[in-house]
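Oh and the sequence shown: position 638 is 1910 in our numbering, straight run, nothing missing. Ideal placement from N, C-alpha and C gives every residue a C-beta, glycine not left out.
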Amino acid sequence: MSTQILKNVLFGSAALLLTAACGAQEEAQSQASSATAAKADDQAKMDDQAKVNDQAMVSSSKTTKSPLFQATFDRVQQQVDAELDAEIIVPFPADAGGGYTHEQHKRNYKTIYNAGNLFRLTGEQKYADHVSKLLLAYAEMYPTLPLHPKKKEQTPGKLFWQSLNEAMWLVYAIQGYDAVQDSLPEETQTIIERDVFREVASYLSDGQPQTFNKIHNHGTWATAAVGMTGYALDDQEMVEKALLGLDKSGEYGFLKQLDELFSPDGYYSEGPYYQRFALLPFVVFAQEVEKNEPERKIFEHRDGVLLKAIDTIVHLSYNGIFFPINDAIKEKGLTTPELNFGLAAAYDFTKDPAYLSMAAYQNTVLLNDTGLEMAKAIDAGKAEPFPFKTMQLGDGRDGDRGALAIMRSGMGMTDQTVVVKNTTQGMGHGHFDKMALLVYDNGGEILSDYGAARFLNVVDKYGGHYLPENNLYAKQTIAHNALVVDETSHFDGKLAKAEEHHPDVLLFDEAANIAITTARMDEAYEGVGFSRTVAQVTLPSLDQPIILDIVRTEAEGQHQYDLPIHYQGQITKVSFPYTAEDQNSRALGADNGYQYLWKTAEANLADAFNQLTWLNKDRFYTYSFLAPSNSKGIFTRLGANDPDFNLRNETGFILRQQGKSDSVFVSVL
């Protein structure tokens, strides 16, 4: 497409979209305990075991009708068998996340869980005995453990530096124990239940009420762990505390978390990374509730919000990687173990063949009857592609506190995808980047979000904690593709204020050749309101859609406005003159994340129409923008004031307008 045609598209589309956005904005602004069931008895457990054996999931000769299931079984059996004759290692807790004792206790709970599954499938007593040996070793140590010596800033654990990891240990370990419980001598059961499971459950509940009653992913893991333990030990009091909070009022606990943490669309307020993390305890405890107390109809709670959450987390990804908004480790994606449990639960209830394709993508299934059913269906070719699609996911309990807009050019995993973050803050893990823009294409990031500044479980990097740069850079607005006013972050980087406010979504719509969203924010800056309209448009003359972006500000007095784009790729062409600062590089600013950006070049933008082009893999991307008078273009590279090399060396471009009250940024990618 010629430059003149692109100019026409830019100016013409901008005018139309700006009119639509303003119209939408004006229109928007003008509208101002049930009975409990007894735990299954021993005969029912025997019947369940017989059912598993009858299904011939696996036999001593390692034959099965499903290659995928068999491959999963073989992989797990090889891991566990390697430990059967090895020394039982249950070290005294000493290390923070990523350290030796931390990782050993993680290995132990996974072994307990996996050995329990192998016992269910094979009936071989050696697996039950190994679970018993490990748990008896914990029984000798746990009752006398003090708080962990490297206790983290959150509630500390005893085995681990934080109680969150303790809850994870219990969620896995109680499942392994439940599988072998009836095969162990009664005396052994008594010791393990008294000195391990009741001790851990007591500490996670009455021992840390501030976490157990918290509406947060830490509380989710704790309540799930205690509730599952209650079912396994036939302790209904423990179950009720887990479901309804320590005082059993219903103002806290697992059910309240289901009510508060998810929107009606199944979007989790902390964002995709933590939705993925919290999914496992939500799912496995809900399955225990369903099995033991089906009258609670847990999977129908809030119109099936948990099943919606499982479906939603798949949509919150591109090419298998979750959208890295808020405190997110960018490598996490659809192969995460937590999603194994979610997909199995969703398929068990819906039989939707789209979930089979996701399980096939993971190349593993759970070692249970649902896993076998899924594996056989996949092997039989019954999987259907997951239908990734354009959608808006409401945020907040009632879905009315902003939304995440996802616009896709097709239904495949790698079709061009545009994300606009018109959501709530996301609690303590939220970033200050209202209405930030992310763009994916051709299998990767084009306009990227930094995610979290953290090396998870890497002891040499700040002990595996979030790095100081997480607050000082990654959470700051300049680290995102979002409007910055006067070089300060949204809400001045104050969490309490940010939690009170959210963007107002004025428009979301899609048609055959366009998807569009508009949102407005008036509280991020004192005396400054701004809106953003983003549209993904398909033109007959182009093979790929274009992205139109309009940011409009209205303010009292004059301000400096910065609109950054953090692009992924190598610059190949710049249409305007600029001055490089190779010999005199300096930080762009002193605070709010600016101190970490090298200023590598600057341009005074005299021409109204400008273009910046970069190459990413085998595709060129051109950022065409209108530059009003008194505008600057600033090229940046991340890494200033970073002597410990904690930040990635990423590049960006900032379009700056100075001395303005009202302004408009218009661009096409």
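With 16 as the cutoff for other CB atoms within 10 Å, does V1730 come out buried or exposed? Looking at its Cβ environment, which holds fewer than 16 other Cβ atoms inside 10 Å, V1730 is exposed.
Close Cβ partners of I1926 (< 6 Å) along its chain, the five nearest in sequence each way excluded: Contacts found: D1834, P1836, I1906.
Using only the alpha-carbon positions, how far apart do G1388 and G1395 sit? In this structure, the alpha-carbon of G1388 lies about 10 Å from that of G1395.
Who are R1891's beta bridge partners in DSSP? According to DSSP, residue pairing for R1891 in a beta bridge involves N1888.
Between D1478 and E1438, what straight-line distance do the alpha-carbon atoms span, to the nearest angstrom? Cα to Cα, the separation comes out at about 14 Å.
Status (buried if at least 16 other CB within 10 Å, exposed otherwise) for L1551: The residue in question, L1551, is buried, as its Cβ has 16 or more Cβ neighbours within 10 Å.
Name, in chain order, the residues that DSSP records as bridge partners for N1694. A1675, per the DSSP bridge assignment.
Give the C-beta separation of K1604 and Y1539 to the nearest angstrom, bearing in mind that I take them to be a contact with Cβ-Cβ under 8 Å. That belief does not hold up - the Cβ atoms of K1604 and Y1539 are roughly 17 Å apart, past 8 Å.
In or out: L1639 buried (at least 16 other Cβ within 10 Å) or exposed? So L1639 counts as buried.
V1940 - partner residues in DSSP beta bridges: Note: V1940 sits in a beta bridge opposite L1820, S1896.
Who are F1557's beta bridge partners in DSSP? DSSP lists no bridge partner for F1557.
Sort out for me which residues DSSP pairs V1846 with in a bridge. V1846 is bridged to L1884.
Determine the contact status of A1791 and P1775, defining contact as a CB-CB distance below 8 Å. Yes. Within cutoff.
DSSP bridge partner residues for N1876 (one or two, in chain order): For N1876, which the question treats as bridged, DSSP gives the partners K1904.
Between L1676 and K1693, how many whole angstroms is the CB-CB distance? I'm expecting something under 8 Å. Cβ-Cβ separation between L1676 and K1693: approximately 6 Å, consistent with a contact (criterion under 8 Å).
Enumerate in chain order the residues of its own chain whose CB-to-CB distance from L1728 is below 7 Å, with the five nearest sequence positions on each side excluded. Closer than 7 Å at Cβ, skipping near neighbours: I1601, G1736.
Give the list of continuous alpha helix (DSSP H) stretches no shorter than 4 residues that lie fully inside the stretch 1609-1645. Listed in chain order, they are 1609-1622, 1626-1634.
Rounded to the nearest angstrom, how far is the Cβ of Q1688 from that of P1817, given a contact under 8 Å? At roughly 6 Å, the Cβ-Cβ gap stays under 8 Å, so Q1688 and P1817 are in contact.
Go to L1417, then tell me how far its beta strand (DSSP E) extends in each direction, as first and last residue. Here L1417 belongs to no beta strand (DSSP E), and DSSP marks it neither H nor E.
Helix, strand or coil at K1398 according to DSSP, with G and I counted as helix: Collapsing the DSSP output to three states places K1398 in a helix.
Please report the Cβ distance between H1573 and L1530, rounded to the nearest whole angstrom; I am assuming they are in contact, meaning their Cβ atoms lie under 8 Å. Sure, about 6 Å apart at Cβ, within 8 Å.
Quick one: residues in its chain with C-beta nearer than 7 Å to the C-beta of Q1830, no 5 flanking neighbours on either side, listed in chain order? When the five nearest sequence neighbours on each side are left out, the beta carbons in the same chain lying within less than 7 Å of the beta carbon of Q1830 are those of G1931, K1932, S1933, in order along the chain.
Taking a contact to mean a Cβ-Cβ separation below 8 Å, would you say G1668 touches V1777 in this structure? No, Cβ-Cβ distance for G1668 and V1777 is not below 8 Å.
Look up A1787 in the DSSP assignment and give the residues it is bridged to. DSSP lists E1782, Q1808 as partners of A1787.
Looking only at DSSP bridge pairs, what is V1777 linked to? The partner list for V1777 (beta bridge, DSSP) reads A1791.
Span of the alpha helix (DSSP H), counted from its first residue to its last, around H1831: First-last for H1831: 1831-1837, but that is the beta strand (DSSP E), not the alpha helix (DSSP H).
Run through DSSP, which three-state label would T1335 get? A caution first: T1335 carries a pLDDT of 39, below 50, which makes its placement in the model unreliable, though a value can still be read off. If DSSP states are grouped into helix, strand and coil, T1335 belongs with coil.
Please report the straight-line C-alpha distance between Y1503 and T1495, rounded to a whole angstrom. Between the alpha carbons of Y1503 and T1495 lies a gap of roughly 12 Å.
For E1798, name the three-state secondary structure that DSSP assigns. Reduced to three states, the DSSP call for E1798 is coil.
Skipping 5 residues on each side, what residues in its chain have a beta carbon closer than 6 Å to that of D1450? The answer, listed in chain order, is A1504.
Roughly how many whole angstroms lie between the Cα atoms of Y1372 and L1877? Taking the straight line joining both Cα atoms gives about 55 Å.
Less than 8 Å separating the beta-carbons of L1860 and K1871? Annotated as proximal: L1860 and K1871, with beta-carbon spacing under 8 Å.
Length of the line joining the Cα atoms of I1270 and Y1722: Any property of residue 1270 remains undetermined from this structure, which presents the chain solely from 1273 to 1941.
Is the distance from the Cβ of G1715 to the Cβ of N1591 below 8 Å? Result yes, Cβ atoms of G1715 and N1591 sit closer than 8 Å.
Considering only C-alpha positions, which residue in the set F1469, T1923, T1908, R1548 is nearest to P1609? Of the candidates F1469, T1923, T1908, R1548, the one whose C-alpha sits nearest the C-alpha of P1609 is R1548.
Helix, strand or coil for S1404 per DSSP? Three-state DSSP puts S1404 in a helix.
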